[in-house]
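Student: This is the structure I want to talk about, given as structure tokens.
Right under this line is the structure:
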């Protein structure tokens with residue numbers, strides 16, 4: 012009986028240690044992320060950049076619905092910048108506007124990757140989508156807990172004032188499959204839904220037209 016109590020105590024202690032480790036990891040990841048929501052143009056700081064992009068999601072049969080969504084999608088972006096031989100990696104969480112566009116202001120020039128999204132589809136389905144790499148190919152998969160900031164393949168670092176990430180398209184179906192593609196812009200075209208045609212300018216052009224007085228785009 013004494014040995015049984017000892018083993019049971021060890022199991023509980025082991026479980027507590029694992030939970031504590033998980034909480035520490037979650038807190039660490041949350042502390043590394045910077046959250047941005049409503050876009051309010053800021054004054055550009057010397058040597059800083061603005062990262063812009065867009066997200067479009069099509070729901071193919073989840074809850075027997077066939078619809079598209081672009082507004083209020085949470086986007087997880089990871090950036091890498093190098094200065095004087097030192098590399099910094101930072102995560103950002105940003106929400107799309109009513110047209111599907113997002114922007115992150117006054118960040119370091121560098122390389123930026125869309126790591127995942129969090130989106131509500133159907134009637135009450137929240138889908139958390141992350142990505143991993145198979146060779147040099149980025150593959151998006153469903154996730155149950157959180158989107159990490161691990162990036163295996165980085166694009167070229169850009170030393171530009173405006174860094175355009177393009178339009179990221181996700182097709183989600185009721186079988187749990189994810190199809191992903193990326194576009195520079197969309198000009199009155201269908202993607203999968205036959206009754207939907209999309210026109211979306213390049214993110215940099217969208218913000219330039221929408222915020223004519225912003226110093227970012229002058």
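In this note's numbering, the protein residues as written are 12 to 229. Glycine is no exception: its CB is placed at the ideal position from the N, C-alpha and C atoms. Predicted model only: the values in this text are computed from it and were never measured.
If you check the beta carbons only, do residue 192 and residue 180 fall under 8 Å apart?
Tutor: Cβ distance < 8 Å, so residue 192 and residue 180 count as in contact.
Student: Who pairs with residue 118 in a beta bridge, going by DSSP?
Tutor: Partner(s): 60.
Student: Return the first residue and the last residue of the beta strand (DSSP E) that residue 190 is part of.
Tutor: Per DSSP, residue 190 belongs to the beta strand (DSSP E) from 189 to 194.
Student: Roughly how many whole angstroms lie between the Cα atoms of residue 164 and residue 92?
Tutor: Looking at the two C-alpha atoms, the distance is approximately 14 Å.
Student: So what does DSSP say about residue 200, is it helix, strand or coil?
Tutor: Note: residue 200 maps to strand in three-state DSSP.
Student: How far does the beta strand (DSSP E) with residue 149 in it extend, from its first residue to its last?
Tutor: That run of the beta strand (DSSP E) goes 148 to 154.
Student: Determine, using beta carbons only, whether residue 184 and residue 71 come nearer to each other than 8 Å.
Tutor: Closer than 8 Å, so yes.
Student: Would residue 67 be called buried (16 or more neighbouring beta carbons within 10 Å of its own) or exposed?
Tutor: Answer is buried; the Cβ neighbour count reaches 16.
Student: Across the stretch 145 to 152 and the stretch 194 to 213, are there enough close Cβ pairs to call them in contact, namely three or more that are closer than 8 Å?
Tutor: They do not touch, by the three-pair rule.
Student: Measuring CB to CB, does residue 80 end up less than 8 Å from residue 132?
Tutor: A contact, by the Cβ cut-off of 8 Å.
Student: Please classify residue 212 as buried or exposed, where buried requires at least 16 other C-beta atoms within 10 Å of its C-beta.
Tutor: Burial call: buried.
Student: In terms of residues, what are the limits of the alpha helix (DSSP H) holding residue 216?
Tutor: Run containing residue 216: 214 to 221, per the alpha helix (DSSP H) assignment.
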